[in-house]
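Throughout the sequence shown, residue numbering follows the working numbering, covering 20 to 389 in sequence.
Report on the following structure.
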Amino acid sequence: MSPEPEQNSTSVPDVSLRGVTKRFGQFEAVAGIDLDVAPGQFVTLLGPSGCGKTTTLRIIGGFEWADSGRVEVAGEPVRGDEPGRHTRMVFQNYALFPHMTVEGNVAFGLRMDKLPKAEIKTKVDAILKNLGLTDHASKFPGQLSGGQQQRVALARALVTQPRVLLLDEPLGALDLKMRKRMQGELKALQRDFGITFIYVTHDQEEAMNLSDTIVVMEKGRIEQIGTPEEIYRRPASPYVANFVGETNLLPGKVTGLAGETASISTSIGVFPTHGALTSENAEVAVSIRPENIQIAPSLSSDLRRGNGLVHSKAFLGAFTRIELDVNGTMLIVSTPGTLDIAIGDPLEFGWRDEDLLCLPAALTPKEESL
Numbered sequence: 020m021s022p023e024p025e026q027n028s029t030s031v032p033d034v035s036l037r038g039v040t041k042r043f044g045q046f047e048a049v050a051g052i053d054l055d056v057a058p059g060q061f062v063t064l065l066g067p068s069g070c071g072k073t074t075t076l077r078i079i080g081g082f083e084w085a086d087s088g089r090v091e092v093a094g095e096p097v098r099g100d101e102p103g104r105h106t107r108m109v110f111q112n113y114a115l116f117p118h119m120t121v122e123g124n125v126a127f128g129l130r131m132d133k134l135p136k137a138e139i140k141t142k143v144d145a146i147l148k149n150l151g152l153t154d155h156a157s158k159f160p161g162q163l164s165g166g167q168q169q170r171v172a173l174a175r176a177l178v179t180q181p182r183v184l185l186l187d188e189p190l191g192a193l194d195l196k197m198r199k200r201m202q203g204e205l206k207a208l209q210r211d212f213g214i215t216f217i218y219v220t221h222d223q224e225e226a227m228n229l230s231d232t233i234v235v236m237e238k239g240r241i242e243q244i245g246t247p248e249e250i251y252r253r254p255a256s257p258y259v260a261n262f263v264g265e266t267n268l269l270p271g272k273v274t275g276l277a278g279e280t281a282s283i284s285t286s287i288g289v290f291p292t293h294g295a296l297t298s299e300n301a302e303v304a305v306s307i308r309p310e311n312i313q314i315a316p317s318l319s320s321d322l323r324r325g326n327g328l329v330h331s332k333a334f335l336g337a338f339t340r341i342e343l344d345v346n347g348t349m350l351i352v353s354t355p356g357t358l359d360i361a362i363g364d365p366l367e368f369g370w371r372d373e374d375l376l377c378l379p380a381a382l383t384p385k386e387e388s389l
């Protein structure tokens, strides 16, 4: 049975940031962000290295002091001279005490809180059982696998029943198979304990899999906040569209407006699109996801069609990834299964108009997240 979390007031966000900034010398790591996190949410801060996500997490936890702005957890200001009393942090390297057993590591926070020994024993036994660590209680961290060490770090944080659990890329040191397994365990833990998780990662797939809400960050600013589906299907900018998943971005210009539809001129044709409309002659970007591009012979009659030459193809198991050269413009296509086509073959393609999205911003190169 999981420990009961503190009772949360639904009228007060678990975390509230207003105008938060942080500089390191001339580098602005966090550039005036606003964010509210409702109780019981799994929220992920997503972005490439240097975007400010870890600094934001450390500010919430009281490990860094904001240069300006307001930071509150559970309605109380967070001080910069010590970790917040309503939060606990799980680090990428786990930060376990090597000279303590699993039981000793998990009990550490409770001992610092000066709880009675009998209560500590009861709480530690319960959390070890909950995370499948009972048989490892007397072992030291060096005797455990990476996944087991990660569970110990989680147990040590959760046993103190924090209002908010902060997780700084905690799966980064695990191999792919273990990372997938631990993603499922993290989701189950958050659901069982019912407390707020704020998670940092640069892995888009991880963020999509884990989160109720994703906060996409770039250069210390928040680019977009939304559910995984909103972020993927309705990105607010070319940066978000290109960072979360893969997309085709075509430079374009608005040549006409009619209601909520714009006619956009691109290098491969003029298309009607939906999305954030600006003004006639405005420079925009047209986004279409690779999986929304269909190819011959499976083309329905309602598609807008075009022709290209196969520039490259790669079989990736569940789907084949194709690069199509359309009059010098490269389109990426993802299609299920295998295809009997060769480099240089002509290929007809098509898409539905509603799958095109107009984004009112200049194109930005996809940033590396490693």
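Even for Gly, the Cβ is constructed at its ideal location relative to N, Cα and C.
No experiment lies behind these values; they were computed from the predicted model shown.
Nearest candidate by alpha-carbon position, reference Gln180, set Lys238, Val171, Lys142 and Lys199: If you number the sequence shown from 1, residue 180 lands on position 161. Ranking Lys238, Val171, Lys142 and Lys199 by Cα distance to Gln180 puts Lys142 first.
For His221, the three-state DSSP class (helix, strand or coil): Taking the first residue of the sequence shown as position 1, residue 221 is located at position 202. Looking at His221 - three-state DSSP - the assignment turns out to be coil, as it is neither helix nor strand.
Collapsed DSSP secondary structure at Thr120 in the structure displayed: Looking up residue 120 in the sequence shown gives position 101. DSSP places Thr120 in coil when its eight states are reduced to three.
Spatial distance of Tyr113 from Ala172 (CA atoms): Taking the sequence shown and counting its residues from 1, one reaches residue 113 at position 94. Taking the sequence shown and counting its residues from 1, one reaches residue 172 at position 153. Just so you know, the alpha carbons of Tyr113 and Ala172 end up roughly 6 angstroms apart.
Integer Cβ distance of Cys70 from Gly239, believed to fall under 8 angstroms: In the sequence shown, the residue the question calls residue 70 occupies position 51. In the sequence shown, the residue the question calls residue 239 occupies position 220. That belief holds up - the Cβ atoms of Cys70 and Gly239 are roughly 7 angstroms apart, short of 8 angstroms.
7 angstroms Cβ cutoff met for Glu242 and Tyr258: Taking the first residue of the sequence shown as position 1, residue 242 is located at position 223. Taking the first residue of the sequence shown as position 1, residue 258 is located at position 239. In contact: Glu242 and Tyr258 (Cβ atoms closer than 7 angstroms).
Residues sharing a beta bridge with His293, DSSP: As a working note, residue 293 is residue 274 in the sequence shown. Paired residue(s): Leu376.
Same chain only: Cβ atoms within 7 angstroms of Phe159, ignoring 5 sequence neighbours per side: For this step, residue 159 is matched to residue 140 along the sequence shown. Here the set comprises Pro117 and Thr120.
Cβ-Cβ separation, Val62 to Ile79 (assumed contact under 8 angstroms), whole Å: For this step, residue 79 is matched to residue 60 along the sequence shown. For this step, residue 62 is matched to residue 43 along the sequence shown. Cβ atoms of Ile79 and Val62 stay farther apart than 8 angstroms, at about 10 angstroms.
Exposure label - Met131; buried when at least 16 CB within 10 Å: Residue 131 sits at position 112 when you count from the first residue of the sequence shown. Classification of Met131: exposed, given that the 10 Å Cβ count is below 16.
Gly356 versus Ala333: straight-line alpha-carbon distance, rounded: Here the question's residue 356 lines up with position 337 in the sequence shown. Here the question's residue 333 lines up with position 314 in the sequence shown. Ala333 has its alpha-carbon roughly 11 angstroms from the corresponding atom of Gly356.
Opening and closing residue of the alpha helix (DSSP H) in which Ile146 lies: If you number the sequence shown from 1, residue 146 lands on position 127. Ile146 -> alpha helix (DSSP H) spans Lys136 to Asn149.
Range of the contiguous alpha helix (DSSP H) that encloses Asp211: As a working note, residue 211 is residue 192 in the sequence shown. Counting along the chain, the alpha helix (DSSP H) containing Asp211 begins and ends at Leu195 to Phe212.
Assigned secondary structure, Phe169 (DSSP; H/G/I helix, E/B strand, else coil): Along the sequence shown, read from residue 1 onward, the residue named residue 169 stands at position 150. The residue you asked about is not Phe; residue 169 is Gln in the sequence shown. Reduced to three states, the DSSP call for Gln169 is helix.
Cα-Cα separation, Val109 to Asp364: Walking along the sequence shown from the start, residue 109 turns up at place 90. Walking along the sequence shown from the start, residue 364 turns up at place 345. Whole-angstrom Cα-Cα distance: 52 angstroms.
Distance, Glu342 Cα to Met349 Cα: In the sequence shown, residue 349 corresponds to position 330, counting from 1. In the sequence shown, residue 342 corresponds to position 323, counting from 1. Met349 and Glu342: Cα-Cα distance of roughly 6 angstroms.
Proximity to Ile217 [Cα-Cα], best of Glu224, Val92 and Gly278: On the sequence shown, position 198 is the one that residue 217 refers to. The shortest Cα separation from Ile217 among Glu224, Val92 and Gly278 belongs to Val92.
CB-CB length for Thr215 against Val183, believed under 8 angstroms: Along the sequence shown, read from residue 1 onward, the residue named residue 215 stands at position 196. Along the sequence shown, read from residue 1 onward, the residue named residue 183 stands at position 164. Confirmed, about 5 angstroms.
Cβ-Cβ separation, Ile307 to Asp222 (assumed contact under 8 angstroms), whole Å: Here the question's residue 222 lines up with position 203 in the sequence shown. Here the question's residue 307 lines up with position 288 in the sequence shown. That belief does not hold up - the Cβ atoms of Asp222 and Ile307 are roughly 24 angstroms apart, past 8 angstroms.
Where Gln162 falls: helix, strand or coil (DSSP): Indexing the sequence shown from 1 puts residue 162 at position 143. Look at Gln162 here: in three-state DSSP terms it is helix.
DSSP-derived helix/strand/coil call for Leu185: Stepping through the sequence shown from its first residue, residue 185 is reached at position 166. Correct three-state label for Leu185: strand.
Three-state class that DSSP yields for Pro22 in the structure shown: For the purposes of this step, residue 22 is taken as the residue at position 3 of the sequence shown. Summary for Pro22: the model assigns pLDDT 44, below 50, so the residue's position carries little reliability, and this model does not support an answer.
Buried/exposed call for Asp187, threshold 16 Cβ in 10 Å: As a position in the sequence shown, residue 187 is number 168, starting the count at 1. Its Cβ being crowded by 16 or more others within 10 Å, Asp187 is buried.
Ile287 versus Arg175: straight-line alpha-carbon distance, rounded: Here residue 287 is taken as the residue at index 268 of the sequence shown, counted from 1. Here residue 175 is taken as the residue at index 156 of the sequence shown, counted from 1. Near 56 angstroms, if we compare the C-alpha coordinates of Arg175 and Ile287.
Contained alpha helix (DSSP H) runs [length at least 4] in the region 37 to 111, N- to C-terminal order: Counting only runs of 4 or more, we get 72 to 80.
Exposed unless 16 or more other CB atoms sit within 10 angstroms - verdict on Ile146: As a working mapping, residue 146 is identified with position 127 in the sequence shown. Flag for Ile146 reads buried.
Residues near Gly161 in its chain [Cβ-Cβ closer than 7 angstroms; skip 5 each side]: Here residue 161 corresponds to residue number 142 of the sequence shown, with the count starting at 1. For Gly161, the CB contacts under 7 angstroms within the same chain, skipping 5 residues up- and downstream, are Pro117 in chain order.
Beta bridge counterpart(s) of Arg308 as assigned by DSSP: Stepping through the sequence shown from its first residue, residue 308 is reached at position 289. In the DSSP assignment, Arg308 forms no beta bridge with any residue.
Residues bridged to Asn326 [DSSP beta-bridge criterion]: What you label residue 326 is simply residue 307 of the sequence shown in a count that begins at 1. Residue pairing by DSSP puts Asn326 in a beta bridge opposite Glu367.
Close-in-space but distant-in-sequence residues of the same chain around Met197 (CB under 6 angstroms, 5 per side omitted): Within the sequence shown, the letter at position 178 stands for residue 197. The beta carbon of Met197 sits closer than 6 angstroms to those of Gly166, all from its chain and outside the five residues before and after it, given in chain order.
Residues sharing a beta bridge with Leu240, DSSP: Sequence index remark: in the sequence shown, residue 240 carries index 221 (1-based). In the sequence on display, residue 240 carries Arg and not Leu. Arg240 is bridged to Glu237.
Beta bridge counterpart(s) of Phe334 as assigned by DSSP: For the purposes of this step, residue 334 is taken as residue 315 along the sequence shown, with counting starting at 1. Beta-bridge pairing links Phe334 to Thr339.
For His293 and Leu163, the rounded distance between their alpha carbons: As a first step, residue 163 is located in the sequence shown; it is residue number 144 there, counting from the start. As a first step, residue 293 is located in the sequence shown; it is residue number 274 there, counting from the start. For Leu163 and His293, the distance between alpha carbons rounds to 53 angstroms.
Presumed contact (8 angstroms Cβ cut-off) between Pro189 and Gln168, rounded CB distance: Locating residue 189 in the sequence shown gives position 170, counting from the first residue. Locating residue 168 in the sequence shown gives position 149, counting from the first residue. Not really, about 10 angstroms apart at Cβ, beyond 8 angstroms.
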